[in-house]
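Undergrad: What follows is a structure written as C-alpha cells; I'll ask about it next.
Protein chains: 2
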Amino acid sequence: MTLLDSDATILLLAPPAAGQPAATIDTPALVLDLDAFERNLAQMQQAADKAGVQLRPHAKAHKCPDIALAQIARGAAGICCQKVSEALPFVQAGVRDIHISNEIAGQAKAALLARMALDARISVCVDDARQVATLATAAAQAGSHIGVFVEIDVGQGRCGVADAPAALRLVEAIRAHAQLEFRGLQAYHGGIQHVRDYAARRQAAADAAARTAAIVAALAEAGVACATVTGGGSGSVEFDLASGVYTEIQPGSYIFMDADYGRNDYSGTLRFEHSLFIATAVMSVAAATRPAPRVVLDAGLKSMAVDSGLPLVWDGDGPSRTVAYVAANDEHGILEPLPGGNGADLPGLGAQVLLVPGHCDPTLNLYDEIVGVRKGLVSLVWPVAARGLSR
Amino acid sequence: MTLLDSDATILLLAPPAAGQPAATIDTPALVLDLDAFERNLAQMQQAADKAGVQLRPHAKAHKCPDIALAQIARGAAGICCQKVSEALPFVQAGVRDIHISNEIAGQAKAALLARMALDARISVCVDDARQVATLATAAAQAGSHIGVFVEIDVGQGRCGVADAPAALRLVEAIRAHAQLEFRGLQAYHGGIQHVRDYAARRQAAADAAARTAAIVAALAEAGVACATVTGGGSGSVEFDLASGVYTEIQPGSYIFMDADYGRNDYSGTLRFEHSLFIATAVMSVAAATRPAPRVVLDAGLKSMAVDSGLPLVWDGDGPSRTVAYVAANDEHGILEPLPGGNGADLPGLGAQVLLVPGHCDPTLNLYDEIVGVRKGLVSLVWPVAARGLSR
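From first to last, the protein sequence lines stand for chains A and B.
Sequential numbering of the first sequence, starting at 1, is according to the working numbering.
Sequential numbering of the second sequence, starting at 392, is according to the working numbering.
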C-alpha cells in the first residue's frame, strides 16, 4: 500500500475497534458513555409518555441517524431537523417523519424539501406568506405534500409572527394550496433553555406557554384548530410537559447534557447525565514545572465549540477537583491546576484526559464519528452522517 | 432516483456549478474571492523572496490541497500542518515536503507520521526526550527518516523548552538515532499575532526573535548548527522576515485575512485583503418592523467559529456601514441596524449577505468545500480535504 492509494486515508485513520479499551482511543475523539446515554433516552421518553405529550427529539444536537433510530425505537414520533440538507441522511437511514423546525430561504431548499416529502412525512415552519408561496410551488413541481407549521414568536424576537392576526393570515395562505397542509403552531424560545435558576426558568417557560395558549385560543375562536403545538427544549421541557399547551416537545441536548446545560439548576424531576466526552491526550509537559505550571492537550477550537464556555475536565465520576481547561487555541488546550493546586496535580505526557464539551450541538458538527463506550471498552462507532449539512 | 439511493445526497446537494452567478450560490457556503486571494499569495511570496527567507505556509488555515499546490507553485518550500492526520490529504495530493509544526502524543500518531515519511519529506517538533524515543521507534519500524525540530518557548508558555541547555539535551537525544535528523529550531508565539498596535506587535516580535537568537547562539557555541529556524505567523511575519533570525516563516491566515486579523493595525509594508466570505441568506424578516428591528440569517455557530468575535457584514467593498451581525445561535444569525440606523437598512427576505468570518482556521474546519469566485461568477470548487482531520 502507498499513501497515494485512494483508500489509504481510511485505512490509516481507521476508527477504534469494538472491544478496544476506551483508554487507548486515539485522540481527539468524541466518546459516548452508552449507559448514561440510554438512561437519558429512557428518562425523557418516560416523562413524555407520562404527560401524554409526543416526543420529537431534535436531531440538530446529534446529526446521527443511529441515535435518531434509537430514539424512535423507544417511542419518539419522529425527529426535528433544523436545516433541509440535515434531514437527508435521516431519510436515507429510514426515519419517516421529520419536522424542519425552522424557516427556509430560497427555491433550492424548497425543492429539496419537496423531493424529500415523497419519501417521508415532512413538515416545515413559516413566518412569511412568501415562504408559503415558494413551498407551494416546490410541492406542486415535485408532486408531494408538505406539512406547514406557523411559527409564533414567544419572546425570543428571532423567527415567528408576533400575534394571532398575523398567524391567521398565514394559515389562510397555507390553506389556499392543496399540496400544503396546516399542521399547527411552533413556539420555541431558545433563551429560556439556559436560564440558570429553576424558579426563574419555570416562570419564563410559563410566560412563553401563556403567549402560545392565547394565540391557540384566538385561532380556535376564528375556527382554526391547531392539531399540533410543538416546541420546548432540554432546559424547559419539564415545564412544557406540564403546561397543557404543547402537544409535542423538541428537546435535543438531553441525550448528551453538555457543560452549559449542566450549569442549570435542576430542582425538578428531570435529571440528565453527562454522557458525551472529548477524549484528549497530553501532548506537551514542557511547561509543567515552571512557576505557572500547565500542560498542553491535543484538542482545541477544531475539536470543540467554545461559544458557551470552555469544557469541563472529567475525572470519571464528576468534574475534576484538581485541574481545569483554561484556554483553547486552534489545536491546543491548556490545562492548569485549580487555585490552591500545583504542578503535581497535572497529568503526565500521553495521559488521556476526558472533557465535557461546553456546547454539544456545534461540537458534534466537528466530528465524523461518535465512539460508543460501555464498561471501559469500545462498543460501536456511529457516523455523524449529517455533519456539515447546514444548507 | 429515490433518496434511498446511496448517491442521492451527493446529487441533491451538488456544489455550485462553474459559471453560476455568485449571488445564486445556495447558502451557507464558503466563498473565496480568487483575485484577492491570488494577490495575497503573491504579496507574501514576494516579501519572503525579497528577504531571502523560505516561505512554508501553514495549511491548518485552509486544509485544502488545491491551495497548498497554488502556494508551492508560486515558490513556497512546502507546507506546515498542525496534526499528523491533517497532513495525509496533502501527501496524497502530491505535496512532498511537510512540517508538522507541533508535538505529537502517542504511538499511533508516530506510526502514521513515519509511514508518511516514506512518501514525503516529513518533519515534526519535540519538546521532551520521550517524544524523541517514540519517533525513533516508529521510524525504525517503518524504515523511514523523520526530520526533527526542537521547539523553544519564546514567551507563549505553551509548548517548547525554556532554554538552551534543555534544547541541547534534545538535540543530543535526536542525534542518537540514525533515522531521526535534527533540522533546527521552531520558535512560534501565537499571542503576538493578534497584538493590535503596530509598534507593540513589532516590539513583541523583536523580543521573541531575541530569545530565539540567544538560543541559536548558545547552540552554536556548543557546536550545534541550526540549519533552519522556523516560526512566525500572519501578524508578525513582517518583523520575522526582517529579524535576521528566522530562515523560514509559517504564516497561514494571510491568504484569507479574517475579521480578527483585520483588527490589527498594519502600518508597515504588508497589507493583505479579506478574500474569504460566508455567503448567507435572510431566512426570516418577521421581526424587521418591530421596535427593535432585525432579520435572521441562515448561518450561525455551525457555519462559523466565533471564538475570536462575530463576523463582519461585507458590502462588497468594505464592512457594512448600515448593519451588523450581532448574535450567533446554532443555525441562526441576527442582523441588526447599526446605531442610528433603522429597519429600512435591513436586507429583505431571501437576500444574500456576505460575512467575513471572525476566525478563518476553525471556520474552514466546518466546510467540505470552498467555492472560488471571480468577477461575480463561480469559477471552481475546491474540497477542504483535511476538514475534521484533527488527530
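Ideal Cβ placement from N, Cα and C applies to all residues, glycine included.
With 16 other CB atoms within 10 Å as the buried threshold, where does aspartate 787 of chain B fall?
TA: An answer regarding residue 787 of chain B cannot be provided, because it is not within the stretch 392 to 782 covered by chain B.
Undergrad: Please go through the same chain and pick out, in chain order, the residues whose beta-carbon is closer than 8 Å to the beta-carbon of tyrosine 246 of chain A, but skip the five residues on each side of it.
TA: Within the first sequence, residue 246 of chain A is the residue found at index 246, counting from 1. Result list for tyrosine 246 of chain A: Val53, Ala187, Ala209, Thr212, Val229, Thr230, Gly231, Gly232, Asp240, in chain order.
Undergrad: Listing by chain order, which chain B residues have their CB less than 9 Å from the CB of leucine 13 of chain A?
TA: As a working mapping, residue 13 of chain A is identified with position 13 in the first sequence. Per Cβ cutoff of 9 Å: Ser476, Leu479, Leu503, Leu780, Arg782.
Undergrad: Using a 10 Å radius around the Cβ and a threshold of 16 neighbouring Cβ atoms, would you call proline 480 of chain B buried or exposed?
TA: Looking up residue 480 of chain B in the second sequence gives position 89. Buried, because 16 or more other Cβ atoms sit within 10 Å of the Cβ of proline 480 of chain B.
Undergrad: Decide if serine 267 of chain A is buried, meaning its Cβ has at least 16 other Cβ atoms within 10 Å, or exposed.
TA: Within the first sequence, numbered from 1, the residue matching residue 267 of chain A stands at position 267. With fewer than 16 other Cβ atoms within 10 Å, it is exposed.
Undergrad: Let's see if you can read the secondary structure: which residues bound the alpha helix (DSSP H) around arginine 211 of chain A?
TA: For this step, residue 211 of chain A is matched to residue 211 along the first sequence. Unbroken alpha helix (DSSP H) run through arginine 211 of chain A: 198-221.
Undergrad: Below 8 Å on the Cβ atoms is my contact criterion, and I expect aspartate 759 of chain B with proline 774 of chain B to pass it. Report the Cβ-Cβ distance as a whole number of Å.
TA: What you label residue 759 of chain B is simply residue 368 of the second sequence in a count that begins at 1. What you label residue 774 of chain B is simply residue 383 of the second sequence in a count that begins at 1. Rounded, the Cβ-Cβ distance is 7 Å, consistent with contact.
Undergrad: In three-state terms, what does DSSP make of phenylalanine 256 of chain A?
TA: For the purposes of this step, residue 256 of chain A is taken as residue 256 along the first sequence, with counting starting at 1. In this structure, phenylalanine 256 of chain A counts as coil in the three-state DSSP scheme.
Undergrad: With a threshold of 6 Å on Cβ separation, who are the neighbours of valine 142 of chain A within its own chain once the five nearest residues in sequence on each side are excluded?
TA: Looking up residue 142 of chain A in the first sequence gives position 142. For the record, residue 142 of chain A in the displayed sequence is alanine; it is not valine. Around alanine 142 of chain A: Ala114, Arg115.
Undergrad: Is the beta carbon of alanine 327 of chain A closer than 8 Å to that of isoleucine 334 of chain A?
TA: Reading the first sequence from its first residue, position 334 is the one you call residue 334 of chain A. Reading the first sequence from its first residue, position 327 is the one you call residue 327 of chain A. Yes, they are a contact pair.
Undergrad: Mind listing the chain B neighbours of cysteine 159 of chain A? Cutoff is C-beta to C-beta under 7 Å, in chain order.
TA: The residue labelled residue 159 of chain A in the question sits at position 159 within the first sequence. Per Cβ cutoff of 7 Å: Ser675, Ala677, Val687.
Undergrad: Does any residue of chain B have a CB that is nearer than 8 Å to the CB of arginine 130 of chain A?
TA: Reading the first sequence from its first residue, position 130 is the one you call residue 130 of chain A. Yes, arginine 130 of chain A lies at the interface with chain B (some Cβ there is under 8 Å from its Cβ).
Undergrad: Can you check the region 433-481 of chain B for any alpha helix (DSSP H) of at least 4 residues that lies completely inside it and give the ranges in chain order?
TA: Listed in chain order, they are 456-464.
Undergrad: With glutamine 436 of chain B and leucine 446 of chain B assumed to form a contact (beta carbons below 8 Å), what rounded beta-carbon distance in angstroms separates them?
TA: Residue 436 of chain B sits at position 45 when you count from the first residue of the second sequence. Residue 446 of chain B sits at position 55 when you count from the first residue of the second sequence. Yes, they are in contact, since the Cβ atoms of glutamine 436 of chain B and leucine 446 of chain B sit about 6 Å apart, within 8 Å.
Undergrad: Any chance you could list the alpha helix (DSSP H) runs of at least 4 consecutive residues sitting entirely within the region 91-172 of chain A, in chain order?
TA: Whole alpha helix (DSSP H) segments, 4+ residues: 107-116, 129-142.
Undergrad: Anything in chain A within Cβ reach of tyrosine 758 of chain B, meaning under 8 Å, just list it in chain order.
TA: Within the second sequence, numbered from 1, the residue matching residue 758 of chain B stands at position 367. The answer, in chain order, is Gly388.
Undergrad: Is it right to say threonine 525 of chain B is buried, meaning 16 or more other beta carbons lie within 10 angstroms of its own, or is it exposed?
TA: As a first step, residue 525 of chain B must be located in the second sequence, where it is residue number 134. Flag for threonine 525 of chain B reads buried.
Undergrad: Any C-beta of chain A sitting closer than 8 Å to the C-beta of asparagine 720 of chain B?
TA: Numbered from its first residue, the second sequence carries residue 720 of chain B at position 329. With 8 Å as the cut-off, asparagine 720 of chain B counts as an interface residue toward chain A.
Undergrad: Using CA atoms only, rank isn't needed, just tell me which of B/Ile513, B/Phe540, B/Pro448, B/Val422 is closest to valine 615 of chain B.
TA: Start at 1 with the first residue of the second sequence, and residue 615 of chain B comes out as number 224. The option with the nearest alpha carbon to valine 615 of chain B is B/Phe540.
Undergrad: Tell me, please, whether the region 414-431 of chain B touches the region 660-679 of chain B by the rule of three or more beta-carbon pairs shorter than 8 Å.
TA: These segments touch.
Undergrad: Along the alpha helix (DSSP H) that carries aspartate 361 of chain A, what are the first and last residues, could you check?
TA: Counted from its first residue, the first sequence places residue 361 of chain A at position 361. Taken as a continuous stretch (DSSP letters only), the alpha helix (DSSP H) holding aspartate 361 of chain A covers 360-364.
Undergrad: Check for me: the beta strand (DSSP E) holding leucine 771 of chain B runs from which residue to which?
TA: The residue labelled residue 771 of chain B in the question sits at position 380 within the second sequence. Residues 768-774.
Undergrad: Please name the residue in A/Gly191, A/Glu172, A/Ala111 whose C-alpha comes closest to that of glycine 184 of chain A.
TA: Working through the first sequence from its first residue, we reach residue 184 of chain A at position 184. Nearest option by C-alpha distance: A/Glu172.
Undergrad: Can you give the Cα-Cα distance for alanine 287 of chain A and isoleucine 495 of chain B, rounded to whole angstroms?
TA: By 1-based counting over the first sequence, the position of residue 287 of chain A is 287. By 1-based counting over the second sequence, the position of residue 495 of chain B is 104. The alpha-carbon atoms of alanine 287 of chain A and isoleucine 495 of chain B are separated by roughly 16 Å.
Undergrad: Taking buried to mean at least 16 other C-beta atoms within 10 Å of its own C-beta, is asparagine 342 of chain A buried or exposed?
TA: Position 342 of the first sequence, counted from the first residue, corresponds to residue 342 of chain A. The residue in question, asparagine 342 of chain A, is exposed, as its Cβ has fewer than 16 Cβ neighbours within 10 Å.
Undergrad: 8 Å is my cut-off, CB to CB: does threonine 27 of chain A come that close to chain B?
TA: Stepping through the first sequence from its first residue, residue 27 of chain A is reached at position 27. Cβ-Cβ to chain B under 8 Å: yes for threonine 27 of chain A.
Undergrad: Is it right to say leucine 729 of chain B is buried, meaning 16 or more other beta carbons lie within 10 angstroms of its own, or is it exposed?
TA: Here residue 729 of chain B refers to the residue found at position 338 when the second sequence is read from its first residue. Exposed, by the Cβ-count rule.
Undergrad: If you follow the beta strand (DSSP E) that phenylalanine 786 of chain B is part of, which residue opens it and which one closes it?
TA: In the structure as shown, chain B starts at 392 and stops at 782, and residue 786 of chain B therefore has no counterpart that could be examined.
Undergrad: The beta strand (DSSP E) that contains glutamate 336 of chain A, what's its start and end?
TA: Residue mapping note: residue 336 of chain A aligns to position 336 of the first sequence, counting from 1. First-last of the beta strand (DSSP E) with glutamate 336 of chain A: 333-337.
Undergrad: Decide if glycine 147 of chain A is buried, meaning its Cβ has at least 16 other Cβ atoms within 10 Å, or exposed.
TA: Numbered from its first residue, the first sequence carries residue 147 of chain A at position 147. Glycine 147 of chain A is buried by the Cβ-count criterion.
Undergrad: Where valine 132 of chain A and proline 319 of chain A are concerned, what is the direct C-alpha to C-alpha distance, given to the nearest angstrom?
TA: Position 132 of the first sequence holds residue 132 of chain A. Position 319 of the first sequence holds residue 319 of chain A. Roughly 48 Å separates the two Cα atoms.
Undergrad: Could you compute how far the alpha carbon of tyrosine 325 of chain A sits from the alpha carbon of glutamine 352 of chain A?
TA: By 1-based counting over the first sequence, the position of residue 325 of chain A is 325. By 1-based counting over the first sequence, the position of residue 352 of chain A is 352. Answer to the nearest angstrom: the Cα atoms are 14 Å apart.
Undergrad: Please identify the residue among A/Pro251, A/Ala47, A/Leu219, A/Leu297 whose C-alpha is closest to the C-alpha of cysteine 360 of chain A.
TA: For the purposes of this step, residue 360 of chain A is taken as residue 360 along the first sequence, with counting starting at 1. The option with the nearest alpha carbon to cysteine 360 of chain A is A/Pro251.
Undergrad: Any C-beta of chain A sitting closer than 8 Å to the C-beta of glycine 469 of chain B?
TA: The residue you call residue 469 of chain B lines up with position 78 of the second sequence. It does not: the Cβ of glycine 469 of chain B has no partner Cβ on chain A nearer than 8 Å.
Undergrad: Taking the alpha-carbon positions, what's the asparagine 493 of chain B to histidine 568 of chain B distance?
TA: As a working mapping, residue 493 of chain B is identified with position 102 in the second sequence. As a working mapping, residue 568 of chain B is identified with position 177 in the second sequence. Rounded to whole angstroms, asparagine 493 of chain B to histidine 568 of chain B spans 20 Å at the Cα level.
Undergrad: According to a CB-to-CB cut-off of less than 8 Å, which residues of the region 486-498 of chain B neighbour chain A?
TA: Residues Asn493, Glu494, Ile495, Ala496, Gly497.
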